[in-house]
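Engineer:
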Amino acid sequence: MKLAYLAFTDRGMKLAVELSEALGGRLSRCGNGLSLGQWTEENFDSCDGLVFVGAAGIAVRAIAPHVRKKDCDPAVVVVDELGTFAISLMSGHLGGANRLTEQIASIIGAQPVITTATDVNGKFAVDIWSGHVNAKVIETGRIKLVSSAVLAERAVGVYSPWEISGRLPEYVELSDREHADICLDVRIYDDDRQNILHLVPMIGILGIGCRKDTSQEQIEEAFEAFTEETGISPEAVTQVVSIDLKKDEAGILGFCRMRKWPFTTFTAEELAAAPGEFTESEFVKKTTGVGSVCERSAAYAGGTIIEKKFSHSGVTFAFGVKDYRPDWNWKER
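Each residue of the sequence shown is one higher than the last, beginning at 51 in my numbering.
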């Protein structure tokens, strides 16, 4: 977690130094040419967590112009300069402020102050659970629907194609997709239940093949068709893979760069050794030395293929998933 600390007094600076030595992060002292506004603007988007050593009101005024959405705002914690209280001010669950507050309190012997309703009531928090199961929350505004139901002691249904190990939390039950409140899956369908909360596991490997000099625009169009037909969410993709003949393909490189997806290639010999049954093509074999590029690439990279070869305008995709074993643990670790 990339942290930044801001202190306002000598005493507060000593506390900030103690925290940075334990948790890492960069230190700043307000004044001497550094204003509160400058520090906040410089660090709000570039850090995972901001720690103000001073008054909570100062922190609130500083961050107010920058607050956007709970899935992208950093964790914000306030510590008084005597180290009596550590307050989780913003992004308690998705941003990790509650966890950071507990860590800080443990280091300096402070009282942690956490006010999120599910925490103070000891109830299942779906936004914490999403982090534990390595899943992206797609509709953050719907988190409150799940939390309010659990707090009202009404059961919420969870659907997943994977078995979820462990003991079900209180007021959580397994459900089919049609009636679920929460869906833990790499797929999102247009006809999913209204207000369902999608949690997309970030476990996907996208295999790609294309003709030489295929443009980025053609690849974008093909990928849109692929996701529309299969329901695969782009949020599930963690890497893109192909044969080494495509390592300098400008269209693929641009496609991956725009989404900040790493691109890895393998030799024909490596792909030939990939385990599994694949959709083979004699033309592809003559051209590349192996009968399948997209499927074999995804498999060789460690994916279990759940979407076999999809073709669109000279571009092929296949989709595999890494080993995934979700459990019901949801409490802060």
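Beta carbons: idealized from backbone N, C-alpha and C, even for Gly.
A quick note: this is a predicted structure, and the numbers were derived from the prediction, not measured.
Flag this pair as touching only if the region 173-181 and the region 87-96 have three or more C-beta atom pairs under 8 Å; answer yes or no.
Structural biologist: No, they do not touch.
Engineer: Are the CB atoms of Pro251 and Ala286 within a distance shorter than 8 Å?
Structural biologist: Yes, the pair counts as a contact, with Cβ atoms nearer than the cut-off.
Engineer: If we require 4 or more residues per run, which alpha helix (DSSP H) segments fall completely within the region 172-242?
Structural biologist: Taking only runs of at least 4 residues, the alpha helix (DSSP H) segments lying wholly in the region 172-242 are 176-182, 193-201.
Engineer: Identify which residue in Ile113, Glu131, Val129 has its Cα closest to the Cα of Asp123.
Structural biologist: Checked all of Ile113, Glu131, Val129; the closest Cα to Asp123 is Ile113.
Engineer: Taking the alpha-carbon of Ser138 as reference, which of Ile158, Thr166, Ser197 has the nearest alpha-carbon?
Structural biologist: Looking at the Cα atoms, Thr166 is the closest of the given residues.
Engineer: First and last residue of the alpha helix (DSSP H) that includes Ser70?
Structural biologist: It spans 60-73 - the alpha helix (DSSP H) in which Ser70 sits, taken as one unbroken run.
Engineer: Pick helix, strand or coil for Phe333, following the three-state DSSP scheme.
Structural biologist: It is helical.
Engineer: Please state if the CB of Leu65 and the CB of Glu152 are separated by a distance shorter than 8 Å.
Structural biologist: No.
Engineer: Out of Leu247, Cys306, Thr59, Asn171, which one is the CA nearest neighbour of Arg79?
Structural biologist: Checked all of Leu247, Cys306, Thr59, Asn171; the closest Cα to Arg79 is Thr59.
Engineer: Have a look at Val67, Gly99, Trp380, Phe94 and flag the residue whose alpha-carbon is nearest the alpha-carbon of Lys52.
Structural biologist: The candidate whose alpha carbon is nearest that of Lys52 is Gly99.
Engineer: Under 6 Å Cβ to Cβ from Gln161, same chain only, skipping five residues before and after it: list those, please.
Structural biologist: Closer than 6 Å at Cβ, skipping near neighbours: Phe135.
Engineer: For Ala205, which residues of its own chain have a beta-carbon under 8 Å away from its beta-carbon, when the five flanking residues on both sides are left out?
Structural biologist: Ala199, Tyr221, Val222, Glu223, listed in sequence order.
Engineer: Between the alpha carbons of Pro14 and Gly107, how many angstroms are there, rounded?
Structural biologist: With the chain covering 51 to 383 only, the question about residue 14 has no answer from this structure.
Engineer: Whose CA, out of Phe305, Ile154, Ile355, lies closest to the CA of Gln266?
Structural biologist: Residue Phe305 is the option with its Cα nearest to Gln266.
Engineer: Quick one: residues in its chain with C-beta nearer than 8 Å to the C-beta of Val67, no 5 flanking neighbours on either side, listed in chain order?
Structural biologist: Excluding residues within five positions, the ones whose Cβ falls inside 8 Å are Leu77.
Engineer: Give the straight-line distance between the Cα atoms of Tyr301 and Leu218, rounded to the nearest whole angstrom.
Structural biologist: Before going further, note that residue 301 is Gly rather than Tyr in the sequence given. Cα-Cα distance, rounded: 46 Å.
Engineer: Among the candidates Arg309, Gly341, Ile246, whose CA atom is the shortest distance from the CA of Ile293?
Structural biologist: The candidate whose alpha carbon is nearest that of Ile293 is Gly341.
Engineer: How many whole angstroms separate the CB atoms of Ser363 and Ala230, which I take to be in contact at a CB cut-off of 8 Å?
Structural biologist: Incorrect: roughly 35 Å between the Cβ atoms, too far for contact.
Engineer: Residues bridged to Val343 by DSSP?
Structural biologist: Answer is none; Val343 lacks a bridge partner.
Engineer: Residue ranges of each alpha helix (DSSP H) run of no fewer than 4 residues wholly in the region 82-125, ordered along the chain?
Structural biologist: Within the region 82-125, the complete alpha helix (DSSP H) runs of at least 4 residues are 86-94, 106-113.
Engineer: With distances taken from CA atoms, which of Ile238, Asn184, Leu247 is nearest Gly207?
Structural biologist: Ranking the options by Cα distance to Gly207, first place goes to Leu247.
Engineer: To the nearest angstrom, how far is it from the Cα of Ala282 to the Cα of Thr366?
Structural biologist: Residue 282 is actually Ile in this sequence, not Ala. C-alpha separation (whole angstroms): 15 Å.
Engineer: Indicate the three-state DSSP secondary structure (helix, strand or coil) for Leu132 in the structure shown.
Structural biologist: In this structure, Leu132 counts as coil in the three-state DSSP scheme.
Engineer: Under a Cβ-count criterion, where at least 16 other Cβ atoms within 10 Å of its own Cβ denotes burial, should Glu330 be classed as buried or exposed?
Structural biologist: Under this definition Glu330 is an exposed residue.
Engineer: Using the beta-carbon count (16 or more within 10 Å), is Phe333 buried or exposed?
Structural biologist: Exposed.
Engineer: Does DSSP put Tyr55 in a helix, in a strand, or in coil?
Structural biologist: If DSSP states are grouped into helix, strand and coil, Tyr55 belongs with the strands.
Engineer: Tell me the residue span of the alpha helix (DSSP H) that contains Ser156.
Structural biologist: Here the alpha helix (DSSP H) through Ser156 covers 147-158.
Engineer: Roughly how many angstroms lie between the CA atoms of Tyr323 and Asp169, to the nearest whole one?
Structural biologist: Residue identity check: residue 323 is Ala in the sequence provided, not Tyr. About 49 Å.
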